[in-house]
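Okay, structure first, notes after.
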């Protein structure tokens, strides 16, 4: 419980707005993908593509949901320690997909780039990066 409170407090302090309680919403503005080849080597990032999806981080339900054409629901298994230096703030989460495979989702704030935020879904053979902004619902501005 203390860890959830610390995560919640830190997210509020760095400017991530709440939608209600301990639920945070983001809007994607672009994405890029990197995949491993048949030999297990990471390829290059794909060209950044525009996209507009909602992503929610719900600490009450311990899950992250990407509302894409096929909704992706990831259970949060562990809230890892936040890392911070003069250039970035990193919020890592150990998650599991619907098949139960563990992987990491990370929210990174790039302080030296106007506090630009990115969300990385780091699975075994693919990494998806989303550029994200805080999602403000109509009537809650």
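Residue numbers (the numbering used here): 200 to 340.
Heads up, the beta-carbon is just placed ideally off N, CA and C, and yes, glycines get one too.
Computed from a predicted structure; not experimentally measured.
Item	Value
Unbroken beta strand (DSSP E) run spanning residue 332, endpoints	325-333
Residue closest to residue 320, alpha-carbon to alpha-carbon, out of 307, 332, 314 and 313	307
Three-way DSSP call (helix, strand, coil) for residue 322 in this model	coil
Cut-off 6 Å between Cβ atoms - residues of its own chain near residue 282, not counting five sequence neighbours on either side	289
Delimiting residues of the beta strand (DSSP E) encompassing residue 303	301-309
Residue span of the beta strand (DSSP E) that contains residue 281, given as start and end	Counting along the chain, residue 281 falls outside any beta strand (DSSP E), and DSSP gives it neither H nor E.
Strand pairing of residue 277, partner residues [DSSP]	293
Residues near residue 214 by beta carbon distance below 6 Å, same chain, minus five either side	Since pLDDT at residue 214 reaches only 46, below the 50 mark, its modelled position is unreliable, and no value is offered.
Extent of the continuous beta strand (DSSP E) to which residue 226 belongs	222-234
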